[in-house]
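>
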Amino acid sequence: MSIKTILITGGAGFIGSTVIRHALKHTHLRIINIDALTYAGNLASLELDPKNQNHTFIHANICQQDLIQKAFDTYQPDAIMHLAAESHVDRSISAPLEFLTTNVMGTGILLETSRDYWSNLPPDRKASFRFHHISTDEVFGSLPEKGLFHEESPYQPNSPYSASKAASDHLVRSWHKTYELPIIITNCSNNYGPYQFPEKLIPFTILNALRGNPIPIYGKGEQIRDWLYVEDHARALLDVLHNGIVGETYAIGGRSEKQNIVVAQDICNLLMELAPEKAPSSGHYADLITHVTDRPGHDTRYAINSDKIEETLHWKPQENFKSGLTKTVQWYLQNQQWWDNILSGKYRLARPQTE
Ligand SMILES: NC(=O)c1ccc[n+]([C@@H]2O[C@H](COP(=O)([O-])OP(=O)(O)OC[C@H]3O[C@@H](n4cnc5c(N)ncnc54)[C@H](O)[C@@H]3O)[C@@H](O)[C@H]2O)c1
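So the sequence shown is numbered by my numbering: it starts at 1057 and just counts up by one.
#1: Could you pull the start and end residues of the alpha helix (DSSP H) that residue 1425 belongs to?
#2: Residue 1113 and residue 1169 - do their beta-carbons sit closer together than 8 Å?
#3: For residue 1091, is the beta carbon positioned less than 7 Å from some heavy atom of ligand 3?
#4: For residue 1140, collect the residues of the same chain with a Cβ closer than 6 Å to its Cβ; drop the 5 residues on either side in sequence, then sort them by chain order.
#5: For ligand 1, is there any heavy atom lying closer than 7 Å to the beta carbon of residue 1277?
#6: Confirm, please, whether the CB-CB distance from residue 1188 to residue 1136 is below 8 Å.
#7: Under three-state DSSP, which class holds residue 1409?
#8: In three-state terms, what does DSSP make of residue 1392?
#9: Let me check understanding here. Comparing Cα to Cα, which of 1074, 1077, 1099 and 1060 lies closest to residue 1086?
#10: Since residue 1186 contacts residue 1240 with CB under 8 Å, what's their CB separation in whole angstroms?
#11: Contact between the segment 1191–1203 and the segment 1288–1302 is defined here as three or more beta-carbon pairs at a separation below 8 Å; is this criterion met?
#12: Taking 7 Å as the limit between beta carbons, can you name the residues of its chain near residue 1376, skipping five residues before and five after?
#13: Return the CA-CA distance between residue 1098 and residue 1069, expressed in angstroms with no decimal places.
#14: Would you identify the three-state DSSP class for residue 1202, choosing helix, strand or coil?
#15: Any heavy atom of ligand 1 closer than 7 Å to the CB of residue 1335?
#16: With residue 1244 as the anchor, note down where its beta strand (DSSP E) starts and where it stops.
#17: Evaluate residue 1181 with the Cβ neighbour count: other Cβ atoms within 10 Å of its Cβ, from every protein chain shown; 16 or more gives buried, anything less gives exposed.
#18: So, under 8 Å CB-CB, residue 1344 and residue 1265 are touching, yes? Tell me the CB distance rounded to an integer number of Å.
#19: Taking 8 Å as the threshold, find out whether the segment 1380–1388 comes into contact with the segment 1321–1341 through three or more Cβ pairs.
#20: Regarding residue 1476 and ligand 1, is the C-beta to nearest heavy atom distance less than 7 Å?
#21: On a CA-only basis, which of 1175, 1167 and 1262 is nearest residue 1322? Give me that one, please.
#22: Cutting at 8 Å between CB atoms, please list the residues of its own chain near residue 1227, excluding the five before and the five after it.
#23: Does residue 1284 come out as helix, strand or coil in the three-state DSSP assignment?
#24: So residue 1307 and residue 1205 are in contact, right, with Cβ under 8 Å, and what is the actual spacing, rounded?
#25: Buried or exposed: which applies to residue 1183, given that a residue is buried once 16 or more other Cβ atoms fall within 10 Å of its Cβ?
#26: If residue 1346 and residue 1398 are in contact, beta carbons under 8 Å, what's the gap, nearest whole angstrom?
#27: If the criterion is Cβ atoms closer than 8 Å, does the pair residue 1315 and residue 1279 meet it?
#28: Quick check on DSSP: helix, strand or coil for residue 1306?
#29: Please determine whether the Cβ atom of residue 1309 lies at a distance below 7 Å from any heavy atom of ligand 1.
#30: Would you mind sorting residue 1259 into buried or exposed? The rule is 16 or more other CB atoms within 10 Å of its CB.
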């Protein structure tokens, strides 16, 4: 049996909506999208064609077991891609319990509902069913100057966000070891690209620069992240879902390490090329960069060794940081309506930025 219907959680978020747009454009997959539409969820990110029969949206919280159960019974998915999460480190520092509810309890509810559904499938569908858990490299903690995270890296989460994601990874693994639920886990580095909520470092910097606001950078901005263009991540996720080995983990990264301060400077330089007319009166967008007190427990460096997915599934990023960042800055310049609708609501770029 091949995978035809996928239940995606968090499909109105940044990465989930990219996976769905990609799947609807390039495949015949039928997508059942479950999302609670928290502050981070936005159906406008899906660019939905109302005539497209291959997408069904269910407004539900993954902690609502009755609604999740009903979605399984009604749509009979062949696979789950679990992306729904509270995903912002700074929010996890100010309100950690929400992270435990969605990321830990929500994942547990989804696993248990999946197990119940999967154990009653006929043998051929049972064999091809997949529970794909989408996670982060932040579960591995912080790297020194040298070395890369890989599939066997020890878990050492440092923030409530990464600890809640680590807990969810452990639950997923244990449902495989204990119940043989056919799971796959992916741990990915920092994503960037169109439709990212403006609290994350790259859109935060672009939008503050365009509005002439200070661009706050934590500490000296020397923290290093390995950036991956979100459409490359979406392709990787679908490759892993279809061709990955049950029970295994895949580390996904962009081989594109940058210090936060360099990311901010690159954005300012691109804006000078693409939107010189909006530059501040001082002359350069980079004049807006302001250093602020560092975040507690701030990880120094993340970077991924993605040999396994590159060698076994022949996936490679198609964008390098320069091409991906140029596309991203152009997208934010051309899609002001999308971010205006967000900024005019509750969220007003008042928070410190993070990656
Ligand atoms: N953004 C990154 O750089 C990155 C990197 C690696 C892994 N990840 C992981 O990928 C996944 C998606 O990340 P993202 O950046 O798209 O996040 P996001 O915050 O943009 O989107 C999360 C989505 O989940 C939904 N959601 C939140 N709580 C929910 C709940 N209880 N029930 C149902 N829906 C709920 C939100 O409405 C939103 O649409 C997360 O699991 C995250 O940990 C993200």
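All C-beta atoms in this analysis are idealised placements derived from N, C-alpha and C, irrespective of residue type, glycine included.
The relevant details are as follows:
#1: Because residue 1425 is not part of the residues shown, which for the chain are 1057 to 1411, the question remains open.
#2: The Cβ atoms of residue 1169 and residue 1113 do not sit closer than 8 Å to each other.
#3: What this structure holds is ligand 1, not ligand 3.
#4: 1065, 1066 and 1118
#5: No, Cβ of residue 1277 sits at least 7 Å from all heavy atoms of ligand 1.
#6: yes
#7: Confidence is the limiting factor: at residue 1409 the pLDDT is only 47, short of 50, which leaves the residue's position unreliable and the question unanswerable from this model.
#8: helix
#9: 1060
#10: 6 Å
#11: no
#12: 1312
#13: 6 Å
#14: coil
#15: no
#16: 1239–1244
#17: exposed
#18: 6 Å
#19: Under the 8 Å Cβ criterion, the segment 1380–1388 counts as touching the segment 1321–1341, having at least three qualifying pairs.
#20: The question about residue 1476 has no answer, for the chain in this structure spans 1057 to 1411.
#21: 1262
#22: 1160, 1163, 1164 and 1167
#23: strand
#24: 6 Å
#25: exposed
#26: Between residue 1398 and residue 1346 the Cβ distance is about 23 Å, and since that is not below 8 Å, they are no contact.
#27: yes
#28: strand
#29: no
#30: buried
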